[in-house]
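Quick notes on the structure that follows.
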Amino acid sequence: MKDRNRLFCIVLSVLLPPLVILALATTDLVHSRKSLTTLARLYIEHFTEKLAAYIGSDGTFGPDDDAAFYYSFDKCAHGFLTFPGRFPTYFAVFSKEGKFIYGSKKLMNAMNKENPEVPMGHAHEIGGMSDRLTVAKSPAAGGKFLVVGGVAWEDMFGAAAMAFFLWPILTVLAAIWGVVTVWNLFYSVINPINILEHATSTLQWGSETIKLQLPGANPQIIRMRDTLERLSRGACRTIKANRTYVNDLVNVQEDERTKISRDIHDGPLQDVTALIQRLRLARNADNTEEDTKRELDLAEKIAFTTMKEMRALCDFLNPPWLELGLSQALTELTERQSLQYGVKIYLGFDESIETSDNVTLAFFRVVQEAVTNSVHHGEAKNIWIDLKHNQTGGIELTIQDDGHGFDIKDTADLRAEGHRGLSNMEERMSLVGGSLKIISYRGEGTCIRGSLP
Amino acid sequence: MSIELILADDHPLTRAGLLAYLAREQDMNVVGEYADGESAMAGIRELKPHVALLDIRMPGMDGVSITRKIKEEGLPVTALILTSYDAQQYVLSSLRAGARGYVLKSSSADTLSRAIRIVARGGLYLDSEVANTVEEGENTSPEPISAREREVLLLAAKGLSGKEIASKLFISERTVQTHLASIYDKLGARNKTESMLLALKFGVVMLEELLD
Chain G
2 MKDRNRLFCI VLSVLLPPLV ILALATTDLV HSRKSLTTLA RLYIEHFTEK
52 LAAYIGSDGT FGPDDDAAFY YSFDKCAHGF LTFPGRFPTY FAVFSKEGKF
102 IYGSKKLMNA MNKENPEVPM GHAHEIGGMS DRLTVAKSPA AGGKFLVVGG
152 VAWEDMFGAA AMAFFLWPIL TVLAAIWGVV TVWNLFYSVI NPINILEHAT
202 STLQWGSETI KLQLPGANPQ IIRMRDTLER LSRGACRTIK ANRTYVNDLV
252 NVQEDERTKI SRDIHDGPLQ DVTALIQRLR LARNADNTEE DTKRELDLAE
302 KIAFTTMKEM RALCDFLNPP WLELGLSQAL TELTERQSLQ YGVKIYLGFD
352 ESIETSDNVT LAFFRVVQEA VTNSVHHGEA KNIWIDLKHN QTGGIELTIQ
402 DDGHGFDIKD TADLRAEGHR GLSNMEERMS LVGGSLKIIS YRGEGTCIRG
452 SLP
Chain V
28 MSIELILADD HPLTRAGLLA YLAREQDMNV VGEYADGESA MAGIRELKPH
78 VALLDIRMPG MDGVSITRKI KEEGLPVTAL ILTSYDAQQY VLSSLRAGAR
128 GYVLKSSSAD TLSRAIRIVA RGGLYLDSEV ANTVEEGENT SPEPISARER
178 EVLLLAAKGL SGKEIASKLF ISERTVQTHL ASIYDKLGAR NKTESMLLAL
228 KFGVVMLEEL LD
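If you're matching them up, the sequences are chains G and V in order.
First residue of the first sequence? That's 2 in my numbering, and the numbers climb one at a time after it.
First residue of the second sequence? That's 28 in my numbering, and the numbers climb one at a time after it.
The following block contains the structure:
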């Protein structure tokens with residue numbers, strides 16, 4: 002929660018400086034404007050007063066000592082004065098009644114349009130943003146005429162004048178821009194990060210996946226979310242796979258136990274029961290010597306049978322021929338299976354193949370399982386097993402049968418239905434770094450290929 | 028009159044042993060021997076022996092199924108179950124199926140003969156290994172169990188769970204457990220099945236009650 006507040010603090014601290022600057026700038030603007038206005042007014046009041054002093058009773062400028070002023074005036078009889086040391090300034094001369102006599106048309110228009118009640122000697126502003134004038138009027142020739150002077154802000158302050166008019170708009174725009182930017186930052190970055198953070202911290206890895214709608218979020222954050230989604234899905238899959246695997250292991254173990262228990266029950270246990278029966282019969286008081294001998298002979302035979310069955314069970318559980326190497330082990334296995342199931346098994350192998358104990362065991366179990374499947378599920382009569390080097394120097398084991406095949410489903414599906422044989426073979430191969438491929442079509446037999454690079 | 032028997036057991040050596048046991052009994056006559064369930068069933072239908080000695084596990088059809096079939100078809104044959112298992116759950120299911128007894132294959136010839144004679148007379152024979160305590164003091168009858176406990180025991184014997192018994196008798200599951208514990212204690216049993224068998228043996232419950 003504290004960290005989350007920190008993000009808000011960052012947003013605030015981003016927002017704060019522009020707001021302060023904005024406030025200061027606005028204050029500054031108000032002050033500057035005030036002083037500019039004062040400046041323009043002082044100037045124009047002074048100018049108008051001075052100009053009025055030159056006006057004679059005929060309404061024109063009388064001869065005077067200010068040569069420079071005259072000069073400029075002559076040049077600018079249209080009512081616009083420019084001369085060194087002064088701002089370009091408009092002027093106009095009106096009759097006492099307010100009738101325009103001569104001078105700047107601009108001022109005439111402005112005076113007509115605005116018709117301002119300009120107090121004598123006091124300047125004020127007319128016009129809009131782009132054509133703002135500060136004007137002042139002054140009586141001349143003893144009140145016979147009225148002189149109006151005006152200075153355009155644009156001429157007096159240049160671009161600065163424009164800025165004063167644009168400034169409020171710019172300020173509002175800047176403020177809106179700032180807010181929008183910060184909002185945008187919040188909407189597309191801060192908020193999505195918060196949502197993502199919350200989802201991640203409350204997520205139960207391995208049992209939940211992240212699914213978030215982040216409309217308007219930054220592409221990087223969207224990618225981050227996608228990555229998290231993938232990771233969370235991956236974690237779920239891994240956990241599930243582990244559970245399935247452990248479950249399988251436990252099931253296989255249980256199945257094996259059941260099978261071994263059944264084998265012992267049906268085999269040695271029955272034999273020993275029979276042995277007990279024979280020994281009891283041998284001990285019978287009514288027996289002739291011959292009877293006793295016969296029962297003991299039978300008992301001995303049964304004991305031998307028991308031993309054989311036990312040995313077979315031991316061989317099945319941990320085949321001793323595995324130590325003889327893969328080719329020997331496979332020969333032994335296929336001979337036994339051939340006898341046991343009454344199928345023909347054609348075994349071919351490359352004598353030069355040498356394998357480690359693990360690999361031998363893997364191939365051995367794959368063959369064992371494959372042959373059992375071929376007989377039990379495919380009802381095969383002939384099975385061809387081939388063990389050779391492949392082109393890349395690895396080992397390839399092929400088991401082909403003439404059984405009736407099956408529709409290949411995903412081994413995961415088969416596993417779900419309780420058939421673990423195929424996935425067990427796959428796992429055997431993958432444990433030693435190999436792979437297993439199963440090709441089967443209904444009615445066309447099955448081919449199982451285990452490869453080891 | 029001698030007792031006519033059939034023997035069904037898939038293991039040739041034990042079958043031979045059992046036949047040798049039975050051959051010594053003057054009053055018994057083995058009229059058929061079978062290695063699988065289906066041929067045993069056919070033999071039962073055809074020969075209608077007094078007693079059928081049936082192994083629980085056999086290829087084709089197991090002993091419990093054959094027993095059930097005998098009952099369904101109303102054949103005048105008494106089933107006596109034979110097995111090397113002393114697994115008690117088999118006992119109850121075979122008794123429910125209609126078997127009149129249960130003998131372990133490792134029993135002595137005398138025990139086997141006695142069991143056959145008892146069931147042929149219409150009695151019930153439960154092997155001593157199944158409920159051991161009885162053999163030690165046959166005269167000691169158990170502490171009497173209450174009517175409620177008897178009810179609980181019968182329902183449990185029919186395969187109902189503690190929860191189901193509780194809802195059927197309108198009592199809590201805990202009370203059911205208490206009743207069962209008390210029953211075990213009184214009968215000297217270690218579990219539900221054994222208590223059921225002991226109850227049968229002591230005559231606390233009748234076999235017929237189990238069957239309905």
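Note that beta-carbon positions come from the ideal geometry of N, C-alpha and C, so glycine has one too.
Legend entry - Below-7 Å beta-carbon distance, T274/G vs any chain V residue: For the purposes of this step, residue 274/G is identified with residue 273 of the first sequence, where counting begins at 1. Closer than 7 Å: yes.
Inset, instruction - Output yes if chain G places a C-beta closer than 7 Å to the C-beta of T41/V; else output no. - result: Locating residue 41/V in the second sequence gives position 14, where the first residue counts as 1. Yes, because at least one Cβ of chain G sits closer than 7 Å to the Cβ of T41/V.
Legend entry - Which listed residue (E170/V, S133/V, L80/V) has its alpha carbon closest to that of A126/V: Here residue 126/V corresponds to residue number 99 of the second sequence, with the count starting at 1. The residue with the shortest Cα to Cα distance from A126/V is L80/V.
Inset, instruction - Mind reading off the beta-carbon distance from A35/V to D89/V? Whole number of angstroms is fine, and I expect it under 8 Å. - result: On the second sequence, position 8 is the one that residue 35/V refers to. On the second sequence, position 62 is the one that residue 89/V refers to. Not really, about 10 Å apart at Cβ, beyond 8 Å.
Inset, instruction - To the nearest angstrom, report how far apart T293/G and V57/V are at their CA atoms. - result: Residue numbering aside, residue 293/G sits at position 292 when the first sequence is read from its first letter. Residue numbering aside, residue 57/V sits at position 30 when the second sequence is read from its first letter. Approximately 23 Å between the Cα atoms of the pair.
Legend entry - Rounded C-alpha distance that separates T228/G from M426/G: On the first sequence, position 227 is the one that residue 228/G refers to. On the first sequence, position 425 is the one that residue 426/G refers to. Rounded to whole angstroms, T228/G to M426/G spans 34 Å at the Cα level.
Inset, instruction - Please compile the residues from chain V whose C-beta is within a distance smaller than 7 Å of the C-beta of R279/G. - result: Counted from its first residue, the first sequence places residue 279/G at position 278. Residues of chain V passing the Cβ test: G44.
Inset, instruction - Note down, in chain order, each residue of its chain lying with its Cβ closer than 8 Å to the Cβ of K97/G, except the 5 sequence neighbours on either side. - result: Reading the first sequence from its first residue, position 96 is the one you call residue 97/G. Within the same chain, K97/G has close Cβ partners G144, K145, F146, L147.
Legend entry - T447/G - partner residues in DSSP beta bridges: Stepping through the first sequence from its first residue, residue 447/G is reached at position 446. DSSP output for T447/G lists S441/G as bridge partner(s).
Inset, instruction - State whether the segment 139-146 of chain V contacts the segment 102-111 of chain V, with contact taken as three or more CB pairs (one from each stretch) at a distance under 8 Å. - result: yes
Inset, instruction - Could you spell out where the beta strand (DSSP E) holding Y61/V opens and where it closes? - result: Locating residue 61/V in the second sequence gives position 34, counting from the first residue. Its beta strand (DSSP E) spans residues 55-61.
Inset, instruction - Can you tell me the Cβ-Cβ gap for M55/V and S29/V, rounded? I've got them flagged as a contact below 8 Å. - result: Looking up residue 55/V in the second sequence gives position 28. Looking up residue 29/V in the second sequence gives position 2. With a Cβ gap of about 6 Å, M55/V and S29/V count as contacting.
Inset, instruction - List the residues of chain V whose Cβ lies closer than 9 Å to the Cβ of L282/G, in chain order. - result: Numbered from its first residue, the first sequence carries residue 282/G at position 281. In chain order: G44, A47, Y48, R51, A136.
Legend entry - Contact check, R281/G vs A300/G, beta carbons under 7 Å: The residue given as residue 281/G occupies position 280 in the first sequence. The residue given as residue 300/G occupies position 299 in the first sequence. No.
Inset, instruction - Using a threshold of 7 Å, state whether the C-beta atoms of Q401/G and W385/G are closer than that. - result: Within the first sequence, the letter at position 400 stands for residue 401/G. Within the first sequence, the letter at position 384 stands for residue 385/G. Cβ distance < 7 Å, so Q401/G and W385/G count as in contact.
Inset, instruction - Could you pull out every residue in the same chain whose Cβ sits closer than 6 Å to the Cβ of R366/G, ignoring the five residues on either side in sequence? - result: One-based indexing of the first sequence puts residue 366/G at position 365. Contacts found: R429.
Inset, instruction - Pick out whichever of I346/G, I22/G, A283/G has its Cα sitting closest to the Cα of A371/G. - result: Numbered from its first residue, the first sequence carries residue 371/G at position 370. It is I346/G whose Cα lies nearest to the Cα of A371/G.
Inset, instruction - Give the C-beta separation of L108/G and F92/G to the nearest angstrom, bearing in mind that I take them to be a contact with Cβ-Cβ under 8 Å. - result: Here the question's residue 108/G lines up with position 107 in the first sequence. Here the question's residue 92/G lines up with position 91 in the first sequence. Confirmed, about 7 Å.
Inset, instruction - Anything in the segment 189-208 of chain V with a Cβ closer than 8 Å to a Cβ of chain G? List those residues in chain order, please. - result: So the list is empty, because no residue satisfies the distance condition.
Inset, instruction - Output yes or no for whether 7 Å exceeds the beta carbon distance between D408/G and T399/G. - result: Taking the first residue of the first sequence as 1, we reach residue 408/G at position 407. Taking the first residue of the first sequence as 1, we reach residue 399/G at position 398. Not a contact, by the Cβ cut-off of 7 Å.
Legend entry - Coarse secondary structure for L134/G, derived from DSSP in three states: The residue you call residue 134/G lines up with position 133 of the first sequence. Here DSSP, grouped into helix, strand and coil, assigns L134/G to strand.
Legend entry - Extent of the continuous beta strand (DSSP E) run through T110/V: Taking the second sequence and counting its residues from 1, one reaches residue 110/V at position 83. Start and end: 105-110.
Inset, instruction - Give the range of the alpha helix (DSSP H) segment to which T245/G is assigned. - result: Working through the first sequence from its first residue, we reach residue 245/G at position 244. Here the alpha helix (DSSP H) through T245/G covers 220-265.
Inset, instruction - Check the C-beta distance from L96/V over to M68/V and give it rounded, since I have them as a contact under 8 Å. - result: For the purposes of this step, residue 96/V is taken as the residue at position 69 of the second sequence. For the purposes of this step, residue 68/V is taken as the residue at position 41 of the second sequence. The sequence given here has Lys at residue 96/V, not Leu. The Cβ separation is near 6 Å, so the contact holds.
Inset, instruction - Determine the extent of the alpha helix (DSSP H) in which L1/G is found, giving its start and end residues. - result: The displayed coordinates of chain G run from 2 to 454. Any statement about residue 1/G would go beyond what the structure contains.
Legend entry - DSSP-derived helix/strand/coil call for D402/G: In the first sequence, counting from the first residue as 1, residue 402/G sits at position 401. Under the three-state reduction of DSSP, D402/G is assigned to strand.
Inset, instruction - Measure the Cβ-Cβ separation of V136/G and G122/G and say whether it is below 7 Å. - result: Indexing the first sequence from 1 puts residue 136/G at position 135. Indexing the first sequence from 1 puts residue 122/G at position 121. No, the pair does not count as a contact, with Cβ atoms beyond the cut-off.
Inset, instruction - Kindly list, in the order they appear in chain V, the residues whose Cβ is closer than 7 Å to that of Q271/G. - result: For this step, residue 271/G is matched to residue 270 along the first sequence. Going along chain V in sequence order, the residues near Q271/G (Cβ under 7 Å) are H38, L40, T41, S111.
Inset, instruction - Measuring only between beta-carbons, confirm whether I222/G sits less than 7 Å from chain V. - result: Residue 222/G sits at position 221 when you count from the first residue of the first sequence. Judged by the 7 Å Cβ criterion, I222/G is not in contact with chain V.
Legend entry - Any chain V beta carbon closer than 7 Å to I303/G: For this step, residue 303/G is matched to residue 302 along the first sequence. By this cut-off, I303/G is an interface position.
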